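Report on the following structure.
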Amino acid sequence: MNLQKYRADLIRFQSFIALFLLCLALSIMSDKFLTVSNAWNVMRQISVNICISTGMTLIVLTAGIDLSVGSVLALCGAITAGLLRNGIEFPSGNLFIGFTLFGAVVAGILTGSALGAFNGWAITKFKVPPFVATLAMLTIARGLTMLWTQGFPISGLGDTFLYFGTGWLLGIPVPVWISGTIVLIAVLITNKTRLGRYIYAIGGNESASKLSGINVSKVKITVYTIAGALAAVGGILVTSRLDSAQPNAGTSYELDSIAAVVIGGTSLSGGRGSILGTVQGAIIIGVLNNGLVLLNVSPFWQQVVKGFVILLAVIIDKSNSKND
Amino acid sequence: MKKIIRYVASLVLVALVAYNSVYFKKLDEVKAGTASFNAAKYASEFWTKKLLPHTTRAIEIGQLLTLLQTDKNKAFSDYSHALGIGNVRYFLVKGSGTVQAVEENQVLVKVASEREKPEVILVTEFVFGNAVRDASGEIDINEFTNSMDFNNVSAEINKIIREKIIPPFKSKVKRGDRINFIGAIELNKEHLNTRSIEIIPVDLKITN
């Protein structure tokens, strides 16, 4: 009985234990790791991943997946930057529509929401597997980004906009405030609302959820829309940090995001997991990235190491599911 | 009744967001304020007044490669330029050498140099990117009111290369020719790869 309880506790805190061990090892190996400035640096870097991983968690909880978050992030960042910097011109009507900072940010987030909703619609209406539908969106959004930017970065976005990605508020970086707020809202949604219960129910057993009267399509579209909006927030943060919307921004971000979700203990088959687990997963990925850089490990080896960590996390997840 | 209140509240919210998001102006007023930018003219003047005079300061490619091996930081700090932060930086280089092969999209050149005798690639078909614009270090992003204008300068510079620099060279060059070249290259400081250097040409001469 005690052994069972011990085992259950170990599974519950596995991400936390992994993070602790990782931090301990890196503190021993690099004297630059355990410093306040490096800690804020890591937190600032993982803020973007936390934003997109929060949306990814909601999707994975419904037994779906979204491979398009990186491209959606790039497109939304580019649209925000483009509207803020250049506005829209209608030469035939002699009309110029300028965007305020607020307007450009809203437009970016609305774009992300629309693309997410489109993903959800394609998945529910045409029964396209999420993997395929979002893979298609990955290409579509990247192409649209190239069209919008003409392949060039959009720079010079102004100090106020830079504040989102580089500013500090009450001694904490602004991106950390933004990602923290998103996490808080997502935790409330998953734990305290009907939508949250539906998300877990659909992931646990979609047919049973349908039979019990849950509007599965509506919930899925909502979840993909939220994920798209959060990818847009990530895009705005990246653009703000770099003071530039890069056409190739967000490449392979979906992998880091899925890694954070899986390492955080969310089951890829849906119905089991948590937002806070994903936050831990994102921190592990961030700390791992940071540690490998501090240890001067070649970026090529970094990818190999990250791949093995993800594989290990999935194996542990499978093993836990079997034992459950 | 509740529904109507909800719709009205939503409409008010949308109107409020829209009011704070966009503003409308006549396009000619905006254009008059910024004076319409002629990227082609700017690029042409940049080419003759800033880039070509700056080519006297281009570093010899063999010398650069030697310096990259011995003191990478010095090579990057003394000879590279870039507009943003990051590891990707641009160099204006020059050299002479013998043509090893003339291919559809590129010309392979064995560089004549005291120490390093690398083989470099002269790009003769797909000229794109910001290498030439940024390599000189003579352009200031703050001179531009919007990023499209700034990007268009690059596009126009690349057009000059495609239309005026490459065709006369490409039509005559053959294997074994001795040539002089000046051009721009892109190198990543963190992941330095000097094995297949691609040069975007600024000046090409056959010197047989």
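Chains A and B, in that order, give the protein sequences.
Using our numbering, the first residue of the first sequence is number 35, and each one after it goes up by one.
Using our numbering, the first residue of the second sequence is number 8, and each one after it goes up by one.
Quick reminder that beta carbons are idealized off the backbone N, C-alpha and C, glycines included.
Keep in mind it's a predicted model, so treat the numbers as computed, not measured.
- request: Just tell me which of I260(A), V82(A) and S147(A) has its CA closest to the CA of L271(A).
  value: If you number the first sequence from 1, residue 271(A) lands on position 237. Considering only alpha carbons, the answer is V82(A).
- request: Kindly list, in the order they appear in chain B, the residues whose Cβ is closer than 9 Å to that of L129(A).
  value: Taking the first residue of the first sequence as 1, we reach residue 129(A) at position 95. Those within 9 Å of L129(A) in chain B are F31, K32, K33 and L34.
message: Taking the alpha-carbon of A50(B) as reference, which of L194(B), I186(B), L199(B) and A162(B) has the nearest alpha-carbon?
response: Against the second sequence, residue 50(B) aligns to sequence position 43. Among L194(B), I186(B), L199(B) and A162(B), the Cα nearest to that of A50(B) belongs to A162(B).
- request: Please list the partners that H198(B) has in chain A, where partner means a Cβ-to-Cβ separation under 8 Å.
  value: Here residue 198(B) refers to the residue found at position 191 when the second sequence is read from its first residue. P333, listed in chain order.
- prompt: Does the separation of the CB atoms of A46(B) and F98(B) fall below 7 Å?
  reply: The residue given as residue 46(B) occupies position 39 in the second sequence. The residue given as residue 98(B) occupies position 91 in the second sequence. Not a contact, by the Cβ cut-off of 7 Å.
- prompt: Going by DSSP, which residues form a beta bridge with F31(B)?
  reply: Position 24 of the second sequence, counted from the first residue, corresponds to residue 31(B). Partner(s): I131(A).
query: Can N88(A) and A220(A) be called in contact, C-beta distance under 7 Å?
result: Taking the first sequence and counting its residues from 1, the one referred to as residue 88(A) is at position 54. Taking the first sequence and counting its residues from 1, the one referred to as residue 220(A) is at position 186. The question names Asn, but residue 88(A) in the sequence shown is Thr. Yes, they are a contact pair.
- prompt: Which chain B residues sit within Cβ distance under 8 Å of N120(A)?
  reply: Mapped onto the first sequence, residue 120(A) falls at position 86. Within chain B, the residues whose beta carbon sits less than 8 Å from that of N120(A) are N153, S154 and M155, listed in sequence order.
query: Can we say the region 83–98 of chain B touches the region 57–71 of chain B, given the rule of at least three CB pairs closer than 8 Å?
result: yes
Those residues which DSSP pairs with P207(A) across a bridge: For this step, residue 207(A) is matched to residue 173 along the first sequence. Partner(s): W202(A).
query: Based on the DSSP output, what are the partners of L99(B) in its beta bridges?
result: The count along the second sequence starts at 1 and reaches residue 99(B) at position 92. As DSSP reads the structure, L99(B) sits in a beta bridge with A191(B).
message: Does any residue of chain E have a CB that is nearer than 7 Å to the CB of V209(B)?
response: Any reference to chain E falls outside this structure, whose protein chains are A and B.
Cβ neighbour criterion (16 or more within 10 Å) applied to S274(A): Sequence index remark: in the first sequence, residue 274(A) carries index 240 (1-based). By the neighbour-count rule (16 or more Cβ atoms within 10 Å), S274(A) is buried.
query: Taking Cβ positions, are V118(B) and V106(B) nearer each other than 7 Å?
result: Sequence index remark: in the second sequence, residue 118(B) carries index 111 (1-based). Sequence index remark: in the second sequence, residue 106(B) carries index 99 (1-based). Not a contact, by the Cβ cut-off of 7 Å.
- request: Using a cut-off of 9 Å between C-beta atoms, extract the partners of T134(A) located in chain B.
  value: Within the first sequence, the letter at position 100 stands for residue 134(A). Those are N27, S28, V29 and Y30, listed as they occur along chain B.
- prompt: So which residues on chain B does M184(A) lean against when the C-beta distance must stay under 7 Å?
  reply: Here residue 184(A) refers to the residue found at position 150 of the first sequence. It is Gln, not Met, that sits at residue 184(A) in the sequence shown. Within 7 Å Cβ-Cβ: N158.
field: Contact set between I148(B) and chain A, taken where Cβ atoms lie within less than 9 Å
entry: If you number the second sequence from 1, residue 148(B) lands on position 141. Those are S189 and G190, listed as they occur along chain A.
task: Taking all protein chains shown into account, decide if V338(A) is buried (16 or more other Cβ within 10 angstroms of its Cβ) or exposed.
output: Within the first sequence, residue 338(A) is the residue found at index 304, counting from 1. With fewer than 16 other Cβ atoms from the protein chains shown falling within 10 Å of its own Cβ, V338(A) counts as exposed.
F124(A) (DSSP reduced to helix, strand or coil): As a working note, residue 124(A) is residue 90 in the first sequence. Three-state result, F124(A): strand.
- request: Drop a sphere of 10 angstroms on the beta-carbon of Y26(B), count the other beta-carbons inside from all chains shown, and report buried for 16 or more, exposed for fewer.
  value: Position 19 of the second sequence, counting from 1, holds the residue named residue 26(B). With fewer than 16 other Cβ atoms from the protein chains shown falling within 10 Å of its own Cβ, Y26(B) counts as exposed.
message: Using DSSP's beta-bridge definition, name the partner residues of D193(A).
response: For the purposes of this step, residue 193(A) is identified with residue 159 of the first sequence, where counting begins at 1. According to DSSP, D193(A) bridges with nothing at all.
field: Interface flag, V95(B) vs chain A, CB-CB below 7 Å
entry: Looking up residue 95(B) in the second sequence gives position 88. Not closer than 7 Å to any Cβ of chain A, the Cβ of V95(B) fails to qualify, so no.
query: Any idea if E150(B) is buried or exposed, counting beta-carbon neighbours within 10 angstroms, 16 or more meaning buried?
result: Translated into positions along the second sequence, residue 150(B) becomes position 143. It is exposed - the Cβ of E150(B) has fewer than 16 other Cβ atoms within 10 Å.
Sequence-distant residues of the same chain with beta carbon closer than 6 Å to I93(A), five excluded per side: In the first sequence, counting from the first residue as 1, residue 93(A) sits at position 59. The residues are D100, V257 and A261.
task: Might you give, ordered along the chain, the residues of its own chain that have their beta carbon closer than 7 Å to the beta carbon of L95(A), omitting 5 neighbours on each side?
output: One-based indexing of the first sequence puts residue 95(A) at position 61. Here the set comprises I233, Y234, G237, T300, G304, G305 and G307.
task: Mark S243(A) as exposed unless 16 or more other C-beta atoms lie within 10 angstroms of its C-beta, in which case mark it buried.
output: In the first sequence, counting from the first residue as 1, residue 243(A) sits at position 209. Buried, since its Cβ has 16 or more Cβ neighbours within 10 Å.
query: Is V140(A) close to chain B, meaning its C-beta is less than 7 Å from at least one C-beta of that chain?
result: Translated into positions along the first sequence, residue 140(A) becomes position 106. Output row for V140(A): interface = yes.
field: For Q113(B), the first and last residue of its enclosing alpha helix (DSSP H)
entry: The count along the second sequence starts at 1 and reaches residue 113(B) at position 106. From DSSP, Q113(B) is part of no alpha helix (DSSP H) but of the beta strand (DSSP E) over Q113 to V118.
query: What does P208(B) pair with, by DSSP beta-bridge criteria?
result: As a first step, residue 208(B) must be located in the second sequence, where it is residue number 201. Note: P208(B) sits in a beta bridge opposite G190(B).
message: Under 8 Å, with one C-beta from each stretch per pair, do the region 313–330 of chain A and the region 134–148 of chain A reach the 3-pair mark?
response: no
query: Between F135(B), P174(B), S154(B) and K10(B), which lies nearest to I164(B) when the distance is taken from Cα to Cα?
result: By one-based count along the second sequence, residue 164(B) stands at place 157. For the residues F135(B), P174(B), S154(B) and K10(B), the minimum Cα distance to I164(B) belongs to F135(B).
- request: List in chain order: all unbroken alpha helix (DSSP H) runs of 4+ residues lying wholly within the region 259–340 of chain A.
  value: You should have 287–297 and 309–328.
- prompt: How is Q107(B) classed by DSSP in three states: helix, strand or coil?
  reply: The residue given as residue 107(B) occupies position 100 in the second sequence. Annotated three-state conformation of Q107(B) is strand, per DSSP.
query: Three-state secondary structure (DSSP) at I236(A)?
result: As a first step, residue 236(A) must be located in the first sequence, where it is residue number 202. The answer is helix: DSSP assigns I236(A) an H, G or I state.
message: For the beta strand (DSSP E) containing E126(B), name the first residue and the last one.
response: Your numbering for residue 126(B) matches position 119 in the second sequence. Note, E126(B): beta strand (DSSP E), E126 to V130.
- request: Would you kindly work out how many angstroms separate the C-alpha atoms of L346(A) and E110(B), rounded to a whole number?
  value: For the purposes of this step, residue 346(A) is taken as residue 312 along the first sequence, with counting starting at 1. For the purposes of this step, residue 110(B) is taken as residue 103 along the second sequence, with counting starting at 1. The C-alpha of L346(A) lies about 47 Å from the C-alpha of E110(B).
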